[in-house]
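Student: One structure, pasted below without further comment.
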Amino acid sequence: MARIYADNAATTQMRPEVLKAMLPYFSKEYGNASSLHKEGAGAKTALEEARAEIAKAINATPEEIIFTSGGTEADNLAIKGVALANKAKGDHIIVSSIEHPAVLRAAQALEVLGFKITYLPVDPDGFVSLADVRSAITKETIMISVMHANNEIGTIEPIAGIGSLAKEKGIVFHTDAVQSFGKVPIDVKRMDIDLLSLSAHKIYGPKGIGALYVRKGIPLLQQTQGGPQEGGRRAGTENVAGAVGFATAAQLAIKEMPRESRRLTKLRDLLIMSVIGNVEGARLNGHATRRLPGNANFSFKRIEGEALIMMLDEKGIAASTGSACSSHELKPSHVILALGLSPEVAHSSTRVTLGKYNTEAHVRYIARVLQKEVNRLREISKGMSVE
Ligand SMILES: *Cc1c(COP(=O)(O)O)cnc(C)c1O
C-alpha cells in the first residue's frame, strides 16, 4: 500500500498548480524585483500581483502585506517589531501559553530585554478566556498575541472577541493564523486584527515564504536591516517565485475552502469516532467541534507517543507527536500540559492531521492500525514490566 501522509499540520505537499505557477520565476523571469529594467519590472509585477492576492484573502490592502521567509519570521517580526516600536508606551505583553514556539521564544527574547510577559492559561479544551485577557491587561500593556488555531490540538480561539477587547483598550492585537489560513474564514477588519502571521507551506504552497499583515498605522520596528524592500519593513531581495507560489496556493485554498472544510470535518469526525469508540483508554485532546477541520489529537493510556509514531511509520502512516518542532525533543508538549493534563498524557499525545490528499479509505486504515498498534504496544510493555 502507498504511504499515507497524515501530518498536514507539519507541512503539506505542494500542489501541481503552485509548482507550475512558480517555475518561470526560477528561469525566464529571473529579474530582481527592485531593478529598473524590463527584467526587474516583470518580477515586480508578479510580486505585486501576489501581494494583492494575499491581501484580498484576508480583507487587507496590498500595502499592509509584508512578505517574510515564513511563519516563524512573521511571528518574530510581529512580536519584536511591535514591542520595540512601542517601548515608550509600555513594557507589558500578553501571549497565550499554547502559542507556537516562534511566538513564545520571541516573547522570551523580549523578557531578556526587560519586557514583562503574561502567559495566559487555557481551559481543558485549550480555549483562552476573554475574562482572563481582560484581567491581564494593565496600563503598561502594549500588545496581545493569541493564535487563531493551535497547531497541536486544532482548537480555534475566540480571536474576534480578543480583537475587539484590544481595540477598546487601544492595545495592538497580533494573531498567528498559520494553521487556520485557507481552512477557516479570516477577515482582519471584521475581527479587529492588527497583525497576522501566514505561511505558504501549510496550505500546499512552497516552504520558505510567508507574510505578516500589519494594519496601516501600526508602528513596527524592522528586524532585518538592509535594502528598502517591503516598504522598508523587511530588507532582502524578494522571493518572487515563492510569493507567486504562495498567492496561487492561497487563492485555490480560499476558493475550495467551503467544500474542502466540510469534507475534512467529516473525515476528522469519522476518525475521532472510530478511535474513541474502538481504542480502550483513548482520549481526544482539544474541543470536539471547535477545532480545525483536519485535526485530531489523541492520548492513549500507557502509551509513549514516540513509540506509536514509529509503529505507524512502519505501517505506512506519517503522523506526529505534538508539533514538528518538538518531535525530536523528549519534552512533553507544552500545549497538552497547558490543558491541565499530566506529563504521562502529554507524552502519549498523537496528532493526525488530514489534508487535501487524504481519503475516507485512509481514515479507516489509520483507525484500524491505531487500534492494533496501541494494543500491541501495551502487550509489549506489559511483558517488560516486572509484576
Ligand atoms: C508552522 C507554524 C509556524 C511556523 O511557520 P514556518 O513557515 O514553518 O516558519 C508558526 N505558527 C504556527 C501555528 C505553525 O503551525
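According to my numbering, the sequence shown is numbered sequentially starting from 4.
Ideal Cβ placement from N, Cα and C applies to all residues, glycine included.
I believe D78 touches A60 by the beta-carbon criterion, under 8 Å. Please report the beta-carbon distance rounded to the nearest angstrom.
Tutor: With a Cβ gap of about 19 Å, D78 and A60 do not count as contacting.
Student: Measuring alpha carbon to alpha carbon, tell me which of E66, E67, V136 and G117 ends up nearest V98.
Tutor: Among E66, E67, V136 and G117, the Cα nearest to that of V98 belongs to V136.
Student: Under the criterion of a Cβ to heavy atom distance below 8 Å, does Q219 qualify as lining ligand 1?
Tutor: The sequence given here has Lys at residue 219, not Gln. No, Cβ of K219 sits at least 8 Å from all heavy atoms of ligand 1.
Student: Using the Cβ count rule (16 or more neighbours within 10 Å means buried), how would you classify E390?
Tutor: The pLDDT assigned to E390 is 48, lower than 50, so where the model puts this residue is not dependable; a value taken from the coordinates is nonetheless given after this. When all chains shown are included, E390 counts as exposed.
Student: Can you tell which of E307, G319, E42 and L357 has its C-alpha closest to the C-alpha of S336?
Tutor: If we check each option's Cα against that of S336, E307 comes out closest.
Student: Taking C-alpha atoms, which residue in G211, I101 and I68 lies nearest to D197?
Tutor: Checked all of G211, I101 and I68; the closest Cα to D197 is I68.
Student: What residues match up with G213 in a beta bridge as DSSP calls it?
Tutor: Note: G213 sits in a beta bridge opposite T71 and S202.
Student: Got a sec: does ligand 1 put a non-hydrogen atom nearer than 8 Å to the Cβ of T75?
Tutor: Checking the Cβ of T75 against ligand 1 gives yes.
Student: Heavy atom of ligand 1 less than 8 Å from the Cβ of N393, yes or no?
Tutor: The chain is shown from 4 up to 390; residue 393 falls before or after that span and cannot be answered.
Student: Counting pairs of beta carbons, one from the segment 241-257 and one from the segment 198-215, are three or more of them closer than 8 Å?
Tutor: Taking 8 Å as the limit for Cβ pairs, the verdict is that the segment 198-215 does touch the segment 241-257.
Student: Apply the 10 Å Cβ neighbour rule to K391 and answer buried if 16 or more other Cβ atoms are within range, or exposed otherwise.
Tutor: There is simply no residue 391 to check, as the chain begins at 4 and stops at 390 in what is shown.
Student: For I369, which residues of its own chain have a beta-carbon under 7 Å away from its beta-carbon, when the five flanking residues on both sides are left out?
Tutor: Cβ within range, chain order: I7, A9, L274, I320 and V355.
Student: Quick check for students: name the residue ranges of the beta strand (DSSP E) that lie wholly in the segment 164-202, counting only runs of 3 or more.
Tutor: List check, beta strand (DSSP E) in window: 175-179 and 198-202.
Student: Considering only residues of the same chain and omitting the five flanking positions on each side of P222, which have a CB-CB separation below 8 Å?
Tutor: Excluding positions up to five away in sequence, the list reads V85, A88 and N89.
Student: Does DSSP put R265 in a helix, in a strand, or in coil?
Tutor: Residue state, collapsed to three classes: helix.
Student: Going by beta carbon distance, what residues of the same chain come within less than 7 Å of V125, once the five residues before and after it are set aside?
Tutor: For V125, where only same-chain residues beyond five positions count, the Cβ hits under 7 Å are S99, S100, I101, V131, A341 and L342.
Student: Please report how far the alpha carbon of Q111 lies from the alpha carbon of I120, in whole angstroms.
Tutor: One C-alpha to the other measures close to 8 Å.
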